[in-house]
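Here is the structure we will look at.
Numbering (the numbering used here), first residue to last: 388 to 525.
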């Protein structure tokens, strides 16, 4: 079974350019112009992913947010008590709003930014592999 998780070609190219030009951690200095802050608490931001995925888990992505700790840490185990409580509160809220939650392990080779961040996906309709190939690769 093939599972599709993908950015659009344009978003993938913009992200690649952004990462090539980035100096330091992009989440340690949240850029108000690039990363629209949806909400924040004392230790976390919820931001719109500037380079959103178009497809996740074989479904269209209607909205792609991320929970990002304000303090740099590479993994969930690095959270202090307040960060852990704020993080779980946000997870509960977005789970109730119908968002799927995904975070890569700190050792995952696909993780392109070391600063811990958790993806929140509001998913739409299933996408057939043939339709995706016709629209994007053929």
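Every residue gets a Cβ at the ideal spot worked out from N, C-alpha and C, and that includes glycine.
- The C-alpha of residue 511 lies about 24 Å from the C-alpha of residue 400.
- Taken in chain order, no unbroken stretch of alpha helix (DSSP H) lies wholly in the segment 415–454 with a span of 4 residues or more.
- Counted as a single uninterrupted DSSP element, the alpha helix (DSSP H) harbouring residue 474 occupies residues 468–483.
- Bounds of the beta strand (DSSP E) holding residue 508 are 505–513.
- The beta-bridge partner set that DSSP reports for residue 486 is empty.
- The C-beta of residue 461 has fewer than 16 other C-beta atoms within 10 Å across all chains shown, which makes the residue exposed.
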